[in-house]
Each structure stands twice: as C-alpha cells, then as structure tokens.
Amino acid sequence: MDLTALRNANPEHWNKAAAIRTLTLDAVAAANSGHSGMPMGMADVATVLFEKHLKFDASAPNWPDRDRFILSAGHGSMLVYSLLYLTGHADVTLDEIKNFRQLGAKTAGHPENFLVNGIETTTGPLGQGISNAVGFAMAEEIQRAHYGKKVVDHYTYVIAGDGCLMEGVSQEAITLAGRHELSKLIVFWDNNNITIDGTVDIADRTDQVRRFKASGWNVIEIDGHDPIAIDAAIVQAKSSSKPSMIACESHIALGHAAQDTSKGHGALTDQDQLKTAKDGYGWPHDAFVIPADVKSAWEAIGARGAAERAEWEVRFAQISERKQAEFNRAYAFDAPKKLAGAIRSFKKQMSEDQPKLATRASSEKVLNVVNPIMTETVGGSADLTGSNNTKSADMGVFLPENRKGRYIHYGIREHGMAAAMNGMALHGGIRPYGGTFMAFTDYARPSMRLAALMKVPTVFVMTHDSIGLGEDGPTHQPVEHLAISRATPNTYVFRPADVVETAEAWELALTFKDSPSVLSLTRQGVPTVRKEHKAKNLTAQGAYVLADAEGKRQAILIATGSEVSLAMEAKAMLEAEGIGTRVVSMPSMELFALQDEAYRKRVLPGGPVRVGIEAAVRAGGWDRWLLGERGREAKAGFIGMSSFGASAPAGELYKHFGITAEATVAKVKELLGQ
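Here the sequence shown is numbered in full-length UniProt numbering, starting from 1 and rising by one per residue.
Next up, the structure:
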C-alpha cells in the first residue's frame, strides 16, 4: 500500500492515526508481548470516529449520556489505551502505556472495565464485545423512552474483527439486534482477512455483508484507510433506522513488514522492522514520543465533549426532581428505599399462608412485588418465559414499537442473552435479569464468568435446577452446574428452600453492586419451611439453623433448596428414635463463608455427624462444610448425585437415586455406628 499517498492526502489525520500505530508498536515491543496488527490496521477508523463523531468528555469518562465505544477485538487493546492516553483520560498515562501488560498496570493484556475509566466492557474472549453492545443499545433505548431524548440520546460503537464474527455468540447478538431495530448500534468490521492460522478462507467462507443484511442490518462497505469514506459511512449509519455494520476493508499491521500476514496479528518486536515501519509513517521520533502538536490535537478532541456535557447537565436539571433522583439512584445501583419493606411484608404474608410452590413460581410472586417498585429492572428469558416465570404483570414487552417495555424475549439465545444483560448492567441505570433452565448454564457460562470478572450485578435466573425436572431426562437435569457456579469467584449462588428464602435471595441479588447472582430454582413444588416470620434476612447469613435438636445434638443435616424439606422429614424420623438432629438451611455457601468464624461455628459446631443433602454432585464447596473447615471436625456423609439423571417422574427419580428422608436417616445411623 502506498503510505506516502495516504500521508500526503490528509497529513493531519495521518499524524493522529500514526500516533496510535507507533504507541502500539512501542508498547508491544517494550512488553515483548501483545497484539500489534489490529490497532495499526484500524487506527484510521478510530481516529475519524473519535475526532468527528464520538460524544465523550475525557475529563468525565462516566458521563451517563456519552457515546459508548467497545473494542470487541480486545486483543488489540493498545488501540483503546492509545486513544485514552492521547485524548487525556486521567487513568491512562504515558507511564501506563510504557507498562503495558505488566503486573499492576491498568493497561492489562486485554481491556478490563474495572481497571480503567473509559473502558466500557472487558473484552478478549472474541464475540463478547459485540454481544455486550446489543445490551448497551437496548439500555439506551429503554432509558430514552423512560427519561426522554433530552436526557438519554447516544450511540454505541463497536470495532469487531473476523474472530468476533466467527464466534457463535455473534450470530445470537446480530440477529437479536436486527429484530429489535437497534438503530443506535454501529459496528465497524475490521475486514482484514487474517487470522492467527492464516487467511480467513482456511476456516470460513461466510459472506458477512449478506449475513448482516439477512439479519436486518444496514450495511456499508468502505476502504478502512480512507478518512473521507469512513466519515461519510458513519454519517450514513447514524441516519439509518436499522443497526449498521460498516465493513472496513483494512490491512492488518499497516506499513509493517508483517502487513497482511498472520504474523501481523501478534507481537511485532523486531527493532529494525519497527524503525522501517516508522520511517514509512514519516515518524522520526523516539519510542513513546508524541509530538506536542499531535498530542495537543488529540487532547482537543478529548475536551470537545465538555460543552455537550455541560449542556446535558442543564437539560438534566430541568426534569423533575423525582426523575433526577430515580436516574441517579439507578446509576448508583442503589435499591429503592421501599424494597426492604415490601420484601418484609411479602415474607410475613408467605409465612402465614405457607404455600407449597415451586421456587420458580415463588420467584414470579417476588417479581410481582419488586418490579413495580424497582422500575430499572429489565427481565427476560431464553424462550422459556412460562417455565422460568420471569415476567411480572406490570412489564410490557420490549419491541421497536414499545421501547418502554421492560421484558425481552431473547429467543433461544442463552449466551447472547447473558452477554446482552451484562451490557445493560455495564451501560448503567438498568438492573437486568434473565432466565433459562439451569442445565443451560453451559450455554451462558462464558458471559456468566465475565459478569463475575467485570464486577457487574447481573442476575441469572436458572430454573428446573435438579433431577426434580423429571421426565425431560438427563439432558435437561443439571447435576454439576451448581458446583461450576459456586467455583466461580465473585459469584453468589442462591438455592432457596421455599418462597421466603426466594424473596430474601431476590432482595440480596437486587442490592449487590459488584457481583452477579445465580438463582437456582425448582420446577417441583416445595412446602414453606420458614413458618415463623423473621424480619431479618436470614439468607444474607448464607446458612442458619432452621430447626434445632430437641435433645442431645448428635447429627446436623445441611441442605439446600428442595432438599431442605426432605431434611426436615429426616429430622422428624431421627428425633423419633432419640437422635437429636439440627437442620441447617444453606441457601448460599458464598455468603456463609463471609460470616465471622464465631457465627459459622455456632451454626456448624464440632462433634455431631454431618450429612449434606442436595440433588447435585458433592463438588463445589461441600467438603468444607461437611468435614469442617480444618477437614477433621466431623464425620460426614452426602446424599446427592454421583451420576447423570434419568427420564422419569421426579418422585421416582428421588427414590431411584437415593435422595430420600429414609436414606438420610440410614446415613446418619451409619456415621453414628448404629
């Protein structure tokens, strides 16, 4: 490619883009690690976007009405770090650029939203960013309908590569965005025809232009190195009533010896080649040196949005004080003051009524109380609304003709749903939750993991949580999924025993600010075990004594979810034989682990034998509570699963797999030597 012609055609643009390219080369060379090619190839697109279109203020990176910029191709992180440094964001200094990929640096190998203000989402696992972006765009639509265009009116821009578009989650995201006509979503496809293994055609022959058009997108094809064409394409995209994909024909590692090759994808560290590339750019400066005029021009871009932000603050002040308070509260992830009282009243009524309900049905009852109070909740389901019970009576359905709707039919797209929910939470002002069967945690798992990593309070409603699912059989019966969720750092897993614990679990999930929650809910009906009303949220303690021994305590039964009532049956049988038995309900192992040691010892004192009861495998934290925290405080056993399930009515399955009160009694006696 003729770099001289590109330089001469628009020198000011060229130098701004060259600053991105050279910072990338210098940082990757200093780290001897990283991915140089994508930032070098997409520097022109990023420069035009930031200079002419992106609404942002570098001095206020969290301004709610900013445009969102998402680097879905997160391996090219030096693109966003360069942009943040050049435009004057406080978090990304030149020292941070120099420390790229080093321990303690904010400039991690892939962009991490919790390290740097100005990074909207954590990307790296390909396809996640473009899928998060659908949630960002949905959040903008919902909030604009609620607060008005004067307060919410911004775009979501994405740079995605071939890898993002090959990942299956991208198809879920693209078709969802097309169905909902998310016109303020604009994706730049870095069409460089290169992957790590070779050219794209060794693995894929998809016509991406036709694919996006078939999904309801507006598609524009351009030269990704022509600033005039880039600008015109963005203008055209902003005028479309559809989401837009701008196909940018680009050259990976532009101007480097590795241009247009697989080698250009990775770390370009050869000093001679680096110098030759800089010479081609007309860039005679030392490593990490940005000429004052270029830096000043970039900083002016970063400061340009300050006036728009000030105008927005005036408009925001003109809406009612009630709306302002609601807006600020939602963006702070603060629950409304009415929530705690509403939950307490609901619990009291349920303790009096003592219904026998599946906890998925209990969850729906809770949502009918919560959602009218907490108007920032946005619910949904992966085509299982009637099974997940995730739609409350007050929720309209989100559609192009009803942007005030707060319920989303995600279709059979578990991964896309989870990624979009993360995007909503990251956008701010939205409390997203969505449901599927717990066995399909497998399909949502990558986004569930990233929710924990990104510290966002997404709520994953996972129903049909055990062999209690019954006749649908082992394909739909989760046995290992609780363990997987519990093993994930910064994740709270709730398996409530009844309607009261379900209400308490929801209260906690909707007040967490930096951790996701997994609600594991039953298909089968379970009796109310919390018959005495307690204003205190006992689930917040993670585990508590539900019923104590009537005589000398010889056994402790620890159970979760639908097996708590089974533990109560076993207790009655054991007490009838003179074996004093305590029942501990443990709705959240993670929260119990956070309690002080004295409380944990009061709930699970040394001495009595312990039996855990859960219709799942023993892995995922059980041994800590069964054997004692030092591994020797108690003789212990487990009543649960050690295999996959089977297809049969739920009651028969519980008997077949030995998850019964009788089996529990036998296990206690065995441990006691009786």
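Ideal Cβ placement from N, Cα and C applies to all residues, glycine included.
- Contact annotation, G645 with A616: C-beta distance approximately 10 Å; criterion of less than 8 Å not satisfied.
- With a 10 Å radius around the Cβ and a threshold of 16 neighbouring Cβ atoms, D465 comes out buried.
- Cβ contact annotation for I234 (same chain, cutoff 6 Å, sequence separation greater than five): H53, in chain order.
- Per DSSP, the continuous beta strand (DSSP E) segment holding H409 begins and ends at 407-409.
- When D514, V48, V584 are compared, the shortest CA-CA separation from D223 is found for V48.
- Here R431 carries a strand assignment [DSSP, helix/strand/coil].
- Spanning the alpha carbons of N32 and L25 requires a straight line of approximately 10 Å.
- As the crow flies, the alpha-carbon of R582 is around 55 Å from that of V92.
- Closest by C-alpha distance to A267, out of Y157, N191, L182, G109, is G109.
- When M589, R632, E629 are compared, the shortest CA-CA separation from G620 is found for M589.
- Counting the other Cβ atoms within 10 Å of the Cβ of S131 gives 16 or more, which makes it buried.
- Excluding residues up to 5 positions away in sequence, H180, L182, V378, F398, I408, A420, G423, M424 lie with their Cβ nearer than 8 Å to the Cβ of M138 in the same chain.
- Residue range 580-585 is occupied by the beta strand (DSSP E) that includes V584.
- Secondary-structure assignment with DSSP links D223 through a beta bridge to E249.
- Under the criterion of beta carbons closer than 8 Å, Y281 and A18 qualify as touching, at roughly 5 Å.
- Residue state for R344 is assigned as helix, using DSSP reduced to three classes.
- Taken in chain order, the whole alpha helix (DSSP H) runs of length 4 or more contained in the segment 9-49 are 11-31, 37-48.
- When secondary structure is reduced to three states using DSSP, S59 falls in the coil class, being assigned neither helix nor strand.
- Take I467, set aside five residues on each side of it, and the residues of its chain with a beta-carbon closer than 8 Å to its own are Q477, V479, A615, M641, G645, A646, A650, L653, Y654, F657, I659, in chain order.
- Residue state for Q236 is assigned as helix, using DSSP reduced to three classes.
- Note on S363: 16 or more other CB atoms within 10 angstroms of its CB, so buried under the neighbour-count rule.
- Contact check for A277 and G255: beta-carbon distance about 5 Å, within the 8 Å limit, so the pair qualifies.
- Pairwise C-beta distances place the segment 67-82 in contact with the segment 97-108, as three or more of them are shorter than 8 Å.
- Measuring C-alpha to C-alpha distances from I228 to each of G673, H13, N402 identifies H13 as the nearest.
- Using a Cβ distance threshold of 8 Å, H481 and G135 do not count as a contacting pair.
- Per DSSP, the unbroken beta strand (DSSP E) holding I613 starts and ends at 609-613.
- Boundaries for M438: no alpha helix (DSSP H) harbours it, and the DSSP string shows neither H nor E there.
- Here DSSP, grouped into helix, strand and coil, assigns N117 to coil.
- Each residue's CA atom was taken as its position, placing P457 and G405 some 21 Å apart.
- A559 is not a Cβ neighbour of S520, given a cutoff of 8 Å.
- When R445, E376, P284 are compared, the shortest CA-CA separation from P125 is found for R445.
- As the crow flies, the alpha-carbon of T390 is around 29 Å from that of V151.
- For M462, the secondary structure class from DSSP, reduced to helix, strand or coil, is strand.
- Per the coordinates, the alpha-carbon of V459 lies some 42 Å from the alpha-carbon of T261.
- Each residue's CA atom was taken as its position, placing T385 and G435 some 8 Å apart.
- When secondary structure is reduced to three states using DSSP, A425 falls in the helix class.
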